[in-house]
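First up is the structure itself, then whatever we jot down about it.
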Amino acid sequence: MTRLLNLFILVSMAFSTNVTFNVDMSQEDVGLEYPTLWMGYFYPDAGFAMTDSDGDNVWSITLDLDPGTYTYKFRNGAWTEWNTGSGWESLLGQDCAVGQYSDREVIVGSANLVLETVCFGSCNSDCLTINSYDVTFNVDMANVDGFDPSDGVFLNGTLNGWCGVCNPMSDDNGDNIYSLTINLAEGEYEYIYTTNGWDGLTGGPPLGSSCDYLPGDEFANYGFNLSGQNLNLPVTAFGECDGDGGDTGSGTVSFNFDGLDECSFVSVSGTFDGWSGWGATTDTGLQAQVSAGEHEFQILCVDTNIPEWYNDIWGSSTIYTAPLGSSCDFNIGDEYNNYGFSISDGEQKTVSFCAGACTETCECPSLGDINADGGFNVLDIVALANCVLSNNCADAENSCAADMNGDGGYNVLDIVALANCVLSNNCGGRVDDASYSKLIIDNGIASIEADGFIGGVQMTIIHDLDFQIEMTQEALLADYVTNNNETRILVINPNGNNLFAFSGDFHIQDIIVANTQYQISVDLPISRGFAIIDAYPNPFNPLTNIILTLPYSAEVKVEIHDILGKLVQSLASGYMESNTYTFKWNASDFSSGVYFINTEIDNSISQQKIMLLK
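Numbering that gives the first Met the number 0 applies: residue 0 is where the sequence shown begins, and numbers increase by one.
The following block contains the structure:
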């Protein structure tokens, strides 16, 4: 009897091993819901609640386990079951990961066991070694048979334990492209898209296709390796390899740019790399393998003197784009002035531009000869004036010749310089050049006073649709172009003070007053509701600078709204003195898309569109 009792005690002890699990959450945002330990399907659906009794960010739990081998994961948060909620750690690609789902593993024997403290999402005990980056997922649902938008689109993969509905995606601008940005630790990841959690459609790549991340296994999953930078994945059609529902092949593009000699590092980024900022770089010889089809891009001249510039390559760069509305503006009908190209399967293509212009090189041997007829005269003045008014000088026959003062732009300063060259046969200035001017708005007349000779005035005004304007006849050239509620005005060599007569109300958006050599200062009349607002860079990722020029003291609101009109951030609200203000908006926490800067001044509202590209 005694021997039987002793045997019973030994057997009981063998099945009562204490195992203590420890996880360091110091690098995680632990909310009201505590971290949990999950161990196989035969354990409680809500997981095991962990505690941090001493507040050192190390969470622990001790369980009585039978001898054997166990797989487990930590989860940041308590949830009711496997497929709800988020917070799963990811160990994909790390040494301690085991099995199909990249779990942790523990072997339990007869002795009590206290496991080494590990950092959440890592095999390491040193949490400072963990690097994480933002990854943006994009899927096109436009041509998906049987898709009901009310079911929702969800991201599922090794990054969230294939959890079902824990990572919903959104289509903020209604273009049928659903997106989601999440922060992930470095490593390899596999994923697919689903609808209605796991109860609807499943959108993985065709098995064994070019976008099947591991084509040798039995699973058809997308995938990527995250290392060293944020990642914006290209738009992929649901269940396909590209963005339009078909695998169209690829070609090789080489970029050849002039005017970038001062750049220590150059990158080309666009639709072909999901605007990641790293499409084709100086390190790769500005060459990239791209999918067949049409692509848009911008040129990044990177300032490598900025600390950790590689963590924000867009914000650390001077961005070169095509002149808006020019012949090299790839989609001339939209609001973005991107370069672009088309490429077919197997094609090798070279794309060449002077950065920021439409010409292949930046050299211009015929300054002032706008119409390229071998000289400069009044025809060139008229051609230059017309392109400034229509804002398409970069598309002029000999566009580089239009930049008379070499400042990289085209405006009244260039026209005045050219006019002075033609009229006086001398490209120098006049001794009676003005240095100061004052704009006067009185009784339907806009006029200008100055302390010397005025070479020209360029002005952009915003007005109601019933606004009327009549230009002075006392000038070498006086003309305007109206587009909806915006009018661009140009007066060259006015012989009197009057510039134009008008009826209706208008606000000055911008103004340039020049003598024969350079821009001069101008005093503006106080106009209620008048302000100049600008944002750069635009498009941006994730930082943009918003400039507000306020010519008088007033109550001011500066707000960011999304495309649905929802307020996402307030930048300023209250009484502000007359001055120029700079606001920085960090959109790291917001999805890619169109946003609006709404500026309210004494109940007068103006708006500017900006584009966030991640």
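Even for Gly, the Cβ is constructed at its ideal location relative to N, Cα and C.
Mind checking residue i: buried by the 16 CB within 10 Å criterion, or exposed?
| i | result |
| --- | --- |
| ARG527 | In this prediction, ARG527 scores a pLDDT of 46, lower than 50, which makes its location untrustworthy; no coordinate-derived value is stated. |
| ASN442 | exposed |
| VAL594 | Here residue 594 turns out to be Tyr, not Val, going by the sequence shown. TYR594 should be labelled buried. |
| THR598 | buried |
| GLN347 | exposed |
| SER208 | exposed |
| LYS565 | exposed |
| PRO524 | exposed |
| ALA110 | exposed |
| GLY292 | buried |
| TYR678 | Given that the chain is displayed from residue 0 to residue 613, the structure contains no residue 678 and the question cannot be resolved. |
| PRO536 | buried |
| VAL377 | exposed |
| GLU189 | buried |
| ASN310 | exposed |
| THR157 | buried |
| GLU88 | buried |
| LEU206 | exposed |
| THR201 | exposed |
| PRO34 | buried |
| PRO541 | buried |
| ILE90 | One detail in the question is off: residue 90 reads as Leu in this sequence, not Ile. Buried, because 16 or more other Cβ atoms sit within 10 Å of the Cβ of LEU90. |
| GLY273 | buried |
Looking at the unbroken alpha helix (DSSP H) that takes in residue i, where does it start and where does it end?
| i | result |
| --- | --- |
| ALA382 | 377 to 389 |
Return the chain-ordered list of same chain residues with a C-beta closer than 8 angstroms to the C-beta of residue i, the five sequence neighbours on each side being excluded.
| i | result |
| --- | --- |
| PHE452 | ARG429, ASP431, ASP432, ALA433, ASN514 and THR515 |
| LEU114 | VAL18, THR19, PHE20, ASN21 and VAL105 |
| GLN518 | LEU412, ILE511 and VAL512 |
Leaving out five residues before and five after residue i in sequence, what residues of the same chain have Cβ atoms less than 6 angstroms from its Cβ?
| i | result |
| --- | --- |
| GLY203 | ILE191, ALA219 and ASN220 |
| ILE60 | PHE20, LEU36, PHE47 and MET49 |
| GLU27 | ASN75 and PHE119 |
| THR360 | ASP257 and CYS353 |
| ALA13 | At ALA13, the pLDDT of 45 sits below 50, so the modelled position is not reliable; the number obtained from the coordinates is stated separately. Around ALA13: SER109. |
| THR281 | PHE264 and VAL265 |
| ASP125 | none |
| ALA141 | ASN175 |
If residue i sits next to residue j, beta carbons under 8 angstroms apart, how far is it from one beta carbon to the other, in whole angstroms?
| i | j | result |
| --- | --- | --- |
| GLY592 | ILE562 | 6 angstroms |
| PHE296 | ASN337 | 6 angstroms |
| ILE461 | ASN484 | 6 angstroms |
| VAL267 | PHE340 | 11 angstroms between Cβ atoms; not a contact. |
| VAL631 | CYS300 | Residue 631 lies beyond the stretch modelled for the chain, which goes from 0 to 613, so this question has no answer here. |
| LEU225 | GLU185 | 5 angstroms |
| ASP637 | GLU554 | Since the first residue of the chain shown is 0 and the last is 613, residue 637 is not available in this structure. |
| GLU558 | SER569 | 5 angstroms |
| PHE501 | GLN467 | 6 angstroms |
| ASP69 | VAL107 | Here the sequence assigns Tyr to residue 69, which means Asp is not the residue at that position. About 6 angstroms; that satisfies the 8 angstroms criterion. |
If I measure Cβ to Cβ from residue i and keep anything under 7 angstroms in the same chain, skipping five residues before and after, which residues do I get?
| i | result |
| --- | --- |
| ASP243 | Because ASP243 carries a pLDDT of 48, less than 50, the predicted location of this residue cannot be relied on, and the following value inherits that uncertainty. Once the five neighbours on either side are set aside, the close Cβ partners of ASP243 are ALA236. |
| ASP465 | GLY503 |
| GLY245 | Note that GLY245 has pLDDT 43, beneath the 50 cutoff, so the model's placement of it is unreliable and no number is given. |
| ALA449 | ALA433, TYR435 and SER436 |
| GLU334 | LYS608 |
| SER25 | ASN56 and CYS126 |
So residue i is in the beta strand (DSSP E); what residue range does that whole segment cover?
| i | result |
| --- | --- |
| SER268 | 264 to 269 |
| VAL22 | 16 to 23 |
| GLY592 | 592 to 600 |
| MET140 | No beta strand (DSSP E) holds MET140; DSSP gives it neither H nor E. |
| VAL521 | 518 to 522 |
| PRO493 | 485 to 493 |
| ASN224 | 221 to 225 |
| ASP616 | Examination of residue 616 is not possible in this model, given that the chain is present from 0 through 613 alone. |
| ALA500 | 497 to 502 |
| GLN508 | 505 to 513 |
| TYR69 | 67 to 74 |
| ASP561 | 553 to 561 |
| ALA336 | According to the sequence provided, residue 336 is Asn. The question's Ala does not apply to it. Note, ASN336: premise wrong, no beta strand (DSSP E); not H, not E. |
| GLY189 | Looking at the sequence provided, one finds Glu at residue 189 rather than Gly. Run containing GLU189: 186 to 194, per the beta strand (DSSP E) assignment. |
* Asked: With contact counted as at least three CB pairs below 8 angstroms, one residue from each stretch, are the segment 492 to 504 and the segment 470 to 481 in contact?
  -> yes
* If we count Cβ pairs, one from each stretch, closer than 8 angstroms, do we get three or more for the segment 597 to 606 versus the segment 577 to 586? -> no
* Given 8 angstroms, three or more beta-carbon pairs between the segment 365 to 385 and the segment 326 to 341 -> no
* Asked: Is it true that the segment 116 to 123 meets the segment 154 to 170, where meeting means three or more beta-carbon pairs spaced less than 8 angstroms apart?
  -> no
* **Stretch-stretch touch, CB-based, cutoff 8 angstroms, three pairs: the segment 175 to 185 with the segment 136 to 144** => yes
* Is the segment 144 to 153 touching the segment 91 to 99, taking contact as three or more C-beta pairs under 8 angstroms? -> no
* Asked: Is it true that the segment 355 to 373 meets the segment 273 to 282, where meeting means three or more beta-carbon pairs spaced less than 8 angstroms apart?
  -> no
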